[in-house]
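Take a look at the structure below.
Chains as they are written, first to last, in the working numbering: chain A, 335 to 893; chain B, 73 to 455.
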């Protein structure tokens with residue numbers, strides 16, 4: 335559910351507040367703000383907007399009827415998160431061309447004669463001449479929403495002057511205004527999130543994010559978009575520099591329907607769902623895995639997550655054991671369960687509960703996971719096990735050595751009827767065993783699912799053995815593996831780390847890691863592994879806004 | 073299989089499989105797919121969606137000792153010869169084939185009272201080109217009249233003699249309509265493929281099955297769905313989709329009972345078969361004294377035939393409506409097929425003319441596993 339801030343401004347704050355009241359589940363106001371020592375914090379980050387963030391902001395500011403025409407720079411994954419990679423991304427020359435193209439296209443739509451009444455609250459005295467009052471009004475309002483802070487006088491003057499110059503050249507105020515808008519949309523102040531630090535008067539000697547940087551960090555964390563007018567107002571009036579003010583805004587944001595967008599964005603990043611853009615399966619063997627089916631598979635998991643974590647305020651760990659999910663008829667076909675959508679809605683989503691003995695429990699058994707971490711033509715216990723370790727448990731699986739010998743594994747004469755037999759080489763070859771023993775046993779538990787997510791009990795006529803062990807905990811099948819993950823502290827600790835890295839846009843510092851490992855993890859457990867409460871605990875902690883310069887920055891400052 | 077077993081057991085107890093939060097169709101029940109051809113442990117129902125439906129041909133090279141019937145090029149040359157064109161003129165016209173064929177007005181080549189006539193709607197306004205009929209002795213179908221005659225076939229699967237499938241003889245030497253075993257006849261394949269994105273799917277449902285290997289009394293029906301098939305990544309119908317049954321009573325009677333022997337179902341008592349097709353293909357499929365034979369294949373799919381007597385003019389109309397476009401692009405002599413059908417028709421003589429109005433025929437099914445959802449009123453098959 336998206337909202338539009340409406341450039342005409344005055345209605346925006348009212349609309350947002352009204353929306354904040356109609357949430358799908360109220361997040362209770364509980365005591366928040368996990369304490370942290372003064373060294374817990376990290377450097378500011380400058381992050382390039384991701385494609386989703388760009389689109390969300392444009393829709394927020396200009397509504398859903400505008401269209402974007404252009405390509406985005408590819409996002410970059412660092413430390414398993416695109417959000418962190420955004421902090422290390424720049425813009426290429428070709429990328430800037432595309433941003434410019436999109437900016438001009440958007441601006442043209444905004445100032446088009448048929449749209450002016452919707453977007454532009456004032457009118458020039460003479461449409462053939464510059465009108466600095468009207469241009470200032472429009473550009474300052476749009477600029478504040480796009481830059482996530484008020485424009486400085488210098489900035490506003492630059493854009494207004496540029497608009498006036500263009501107007502004089504073509505005797506058209508709206509054309510000039512359009513170029514001013516395009517300038518805002520091409521500006522690094524829009525395309526990058528700049529975090530600004532300032533001395534913290536409440537804690538002499540320490541630094542904090544300035545109010546608008548706090549607003550941005552909060553908004554991109556919880557809603558994956560720029561601050562709305564209410565949050566910008568809270569930044570302006572100093573509310574975000576008070577614990578009560580932060581709590582009030584965080585509660586409002588957590589109770590907004592936009593929380594769903596934020597949660598989706600986080601899990602899309604954490605679960606690496608951007609890889610669906612290039613996911614394909616061998617159609618000869620797996621003809622059911624169409625692009626539409628892949629889209630549905632991705633959405634199935636996201637809907638399940640939102641339903642469980644937000645709508646039901648469920649325990650995060652239960653995502654690995656729940657049989658409740660949502661399916662479309664296409665997914666019903668993939669999972670081989672009968673499922674019919676209402677007449678006239680052939681692709682409608684239907685809530686569904688798998689049976690106890692279906693073997694389908696938890697998001698590990700969703701097509702999204704098993705298909706994403708497989709080869710195009712066959713399953714891969716190694717890829718799945720690696721994903722489990724790295725994506726869900728934040729553990730490191732080393733890359734294979736450059737001189738690994740695949741001969742035995744790829745020799746068809748050595749092939750066994752099941753992948754477990756074929757992977758014996760992994761566990762017996764000394765060069766391979768060290769890493770594969772930490773991936774393959776977990777991945778083999780998912781072998782009831784082929785590379786496209788279909789359930790099977792045999793491979794080449796031989797029953798599939800899905801038993802295994804994870805760090806000493808035995809399991810018989812995928813459901814058992816899900817229960818082991820449910821009970822594993824590594825899984826919940828990993829979520830805490832990922833959420834914090836996502837929220838800050840960077841890897842945690844050592845001090846932050848220690849704080850996360852103790853205080854935050856304990857709070858998460860005490861809150862019943864409730865994710866909205868985790869988000870609140872982080873978003874209302876001083877550490878989240880505390881700026882501790884990096885060692886490199888300190889060294890540089892001293893020079 | 074885990075899905076089937078759980079659904080089956082649910083069917084025995086409660087009609088709706090999934091939880092209360094899902095869409096609920098009061099007393100709706102699902103017919104579940106059985107897994108791998110293994111015998112069911114109790115009376116079971118299994119459903120399929122039809123992937124292909126076409127003439128049940130068994131064309132072999134020896135079927136046409138005098139060669140195949142002319143294709144569109146040959147037809148055009150013949151027409152030009154009949155019109156008195158010289159070989160040089162014909163060669164010139166062929167340089168611009170097929171456009172020259174349209175320009176030549178073949179769509180008005182008939183003649184009634186000295187005036188040009190549409191040969192497709194008035195096929196007897198043209199001369200009988202004496203199309204060659206298939207001469208083979210092997211062909212799919214059933215012994216519909218209980219006799220073994222000179223013109224009959226032996227079914228290659230059942231070994232039954234006296235098989236009546238005169239329609240196969242009519243198309244047997246037409247290149248775009250004939251097909252070897254396991255192949256699809258070219259033009260019917262195109263027709264079926266073009267229509268299935270918008271035409272409701274056809275479904276086949278077996279019920280009361282104790283064993284898919286051997287069972288003395290099993291029910292089957294062919295029905296139509298409300299939805300068309302969905303295509304998979306290869307452009308073919310996707311298996312394991314769920315369909316709702318079209319309640320149109322015209323297609324509620326394709327019901328039969330029969331036996332399964334060694335994995336092959338054969339129906340007992342003849343019945344009247346009727347399915348709505350599509351105007352681009354064949355608008356209706358209406359077989360009198362119809363029978364079924366279906367095989368449950370190892371890959372989980374179903375293949376088989378339905379045979380009976382079809383009103384030959386209905387079949388002819390499906391070609392005639394395509395006119396010159398069909399004749400040129402599908403490459404067969406449409407009025408010629410009228411004459412061939414009329415001569416080959418072998419049942420239900422018109423009381424006035426004495427000419428047979430029906431022709432024995434057989435059609436091939438190729439079907440994939442599916443689920444059927446139908447309201448409670450339709451769960452029982454008509455006896």
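Where a beta carbon is used, it is the ideal one built from N, C-alpha and C, also for glycine.
message = Measuring only the C-alpha atoms, how far is residue 556 of chain A from residue 655 of chain A?
response = Their Cα atoms are separated by approximately 26 Å.
query = Closer than 8 Å, Cβ to any Cβ of chain B: which residues of the segment 427-449 of chain A, in chain order?
reply = So nothing in the stretch comes that close.
Residues of its chain near residue 361 of chain B, where Cβ-Cβ distance is below 7 Å and the 5 sequence neighbours each way are ignored = Taken in chain order, the residues that qualify are 216, 342, 380 and 381.
key: Residues that residue 314 of chain B contacts on chain A, provided the C-beta gap is smaller than 7 Å   = Within chain A, the residues 663, 666, 672, 673 and 674 have their CB atoms less than 7 Å from the CB of residue 314 of chain B, given in chain order.
Candidates A:797, A:610, A:545 and A:636, of which the one nearest residue 782 of chain A by Cα = If we check each option's Cα against that of residue 782 of chain A, A:797 comes out closest.
task = Report the neighbours of residue 624 of chain A on chain B: residues whose CB is nearer than 7 Å to its CB, in chain order.
result = What residue 624 of chain A touches in chain B: 304 and 305.
query = Hey, does residue 279 of chain B have any beta-carbon neighbour from chain A nearer than 8 Å?
reply = No, its Cβ sits nowhere closer than 8 Å to a Cβ of chain A.
message = My assumption, with CB atoms under 8 Å, is that residue 478 of chain A sits in contact with residue 593 of chain A. Please give the rounded CB distance.
response = About 24 Å separates the two Cβ atoms, so there is no contact after all.
Best match in A:651, A:484 and A:515 for proximity to residue 569 of chain A [C-alpha to C-alpha] = It is A:484 whose Cα lies nearest to the Cα of residue 569 of chain A.
key: Which listed residue (A:824, A:856, A:419 and A:790) has its alpha carbon closest to that of residue 381 of chain A   = Answer by Cα proximity: A:419.
key: Residue closest to residue 244 of chain B, alpha-carbon to alpha-carbon, out of B:226, B:207 and B:372   = Minimum Cα distance to residue 244 of chain B is reached at B:207.
inquiry  = Given this structure, state the Cα-to-Cα distance separating residue 733 of chain A from residue 606 of chain A, to the nearest angstrom.
reply    = Rounded to whole angstroms, residue 733 of chain A to residue 606 of chain A spans 18 Å at the Cα level.
key: Sequence-distant residues of the same chain with beta carbon closer than 7 Å to residue 169 of chain B, five excluded per side   = Taken in chain order, the residues that qualify are 145 and 148.
ask   = Considering only residues of the segment 297-369 of chain B, which uninterrupted beta strand (DSSP E) runs meet the minimum length of 3 residues and lie entirely inside it, listed in chain order?
value = Here the runs fully enclosed are 314-316, 327-333, 336-339, 343-348 and 356-368.
key: Per-residue contacts from residue 617 of chain A into chain B (C-beta, under 7 Å)   = Those are 305 and 306, listed as they occur along chain B.
ask   = Based on the DSSP secondary-structure assignment, which residues constitute the bridge partners of residue 275 of chain B?
value = Note: residue 275 of chain B sits in a beta bridge opposite B:121 and B:295.
inquiry  = Rounded to whole angstroms, what is the Cα-Cα separation between residue 293 of chain B and residue 421 of chain B?
reply    = Approximately 29 Å between the Cα atoms of the pair.
message = Comparing C-alpha positions only, which one of A:644, A:844 and A:860 sits nearest to residue 372 of chain A?
response = Looking only at A:644, A:844 and A:860, the smallest Cα-Cα distance to residue 372 of chain A is reached by A:844.
task = Report the rounded CA-to-CA distance for residue 455 of chain A versus residue 470 of chain A, giving the unit in angstroms.
result = Here the alpha carbon of residue 455 of chain A sits roughly 11 Å from the alpha carbon of residue 470 of chain A.
ask   = Name the chain A residues whose beta carbon is nearer than 8 Å to that of residue 125 of chain B?
value = Those within 8 Å of residue 125 of chain B in chain A number zero; the least Cβ separation is about 20 Å.
ask   = Just the Cα atoms here: how many angstroms apart are residue 136 of chain B and residue 251 of chain B?
value = C-alpha separation (whole angstroms): 13 Å.
Coil, strand or helix - residue 776 of chain A by DSSP = Collapsing the DSSP output to three states places residue 776 of chain A in a helix.
message = Going by beta-carbon coordinates alone, are residue 331 of chain B and residue 280 of chain B separated by less than 8 Å?
response = Cβ distance not < 8 Å, so residue 331 of chain B and residue 280 of chain B don't count as in contact.
task = Can you tell me which of the three DSSP states residue 156 of chain B falls into?
result = If DSSP states are grouped into helix, strand and coil, residue 156 of chain B belongs with coil.
query = If we ignore side chains and look at the alpha-carbon of each, how far apart do residue 551 of chain A and residue 838 of chain A end up?
reply = Near 7 Å, if we compare the C-alpha coordinates of residue 838 of chain A and residue 551 of chain A.
task = Ignore the nearest five residues each way along the sequence and tell me which others in residue 813 of chain A's own chain have a CB closer than 6 Å to its CB.
result = Cβ neighbours of residue 813 of chain A within its own chain (closer than 6 Å, five residues either side excluded): 695.
message = What does the Cβ neighbour count give for residue 684 of chain A, buried or exposed, with the cut at 16 atoms within 10 Å?
response = Taking all protein chains in view, the Cβ of residue 684 of chain A is crowded by 16 or more other Cβ atoms within 10 Å, so the residue is classified as buried.
key: Contacting residues, own chain, Cβ-Cβ under 7 Å from residue 386 of chain A (five flanking each side not counted)   = Excluding its 5 nearest sequence neighbours in each direction, residue 386 of chain A has C-beta neighbours in its own chain below 7 Å: 558 and 599, listed in chain order.
task = With DSSP as the reference, label residue 210 of chain B as helix, strand or coil.
result = Residue 210 of chain B falls in the strand class under three-state DSSP.
inquiry  = Applying the 10 Å Cβ sphere with the 16-neighbour rule, what's the burial state of residue 173 of chain B?
reply    = The residue in question, residue 173 of chain B, is buried, as its Cβ has 16 or more Cβ neighbours within 10 Å.
The segment 709-729 of chain A touching the segment 819-828 of chain A, judged by at least three CB pairs closer than 8 Å = Under the three-pair Cβ rule at 8 Å, the segment 709-729 of chain A counts as touching the segment 819-828 of chain A.
message = Suppose contacts are defined by Cβ-Cβ distances below 8 Å. Is residue 610 of chain A in contact with residue 626 of chain A by that definition?
response = One thing to note: residue 610 of chain A has its Cβ no nearer than 8 Å to the Cβ of residue 626 of chain A.
request  = Output, in sequence order along the chain, the residues in the segment 359-376 of chain B whose CB is closer than 8 Å to any CB in chain A.
outcome  = Taking 8 Å as the Cβ-Cβ cut-off against chain A, none of the residues of the segment 359-376 of chain B qualify.
inquiry  = What does the alpha-carbon distance come out to for the pair residue 402 of chain B and residue 230 of chain B?
reply    = If you draw a straight line from the Cα of residue 402 of chain B to the Cα of residue 230 of chain B, it is about 32 Å long.
message = I'd like the ranges of any beta strand (DSSP E) spanning at least 3 consecutive residues and lying wholly in the segment 400-454 of chain A.
response = For the segment 400-454 of chain A, there is no continuous beta strand (DSSP E) assignment of 3+ residues that stays within its boundaries.
query = Given that residue 680 of chain A touches chain B, what residues does it touch there, using C-beta distances under 7 Å?
reply = Within 7 Å Cβ-Cβ: 299.
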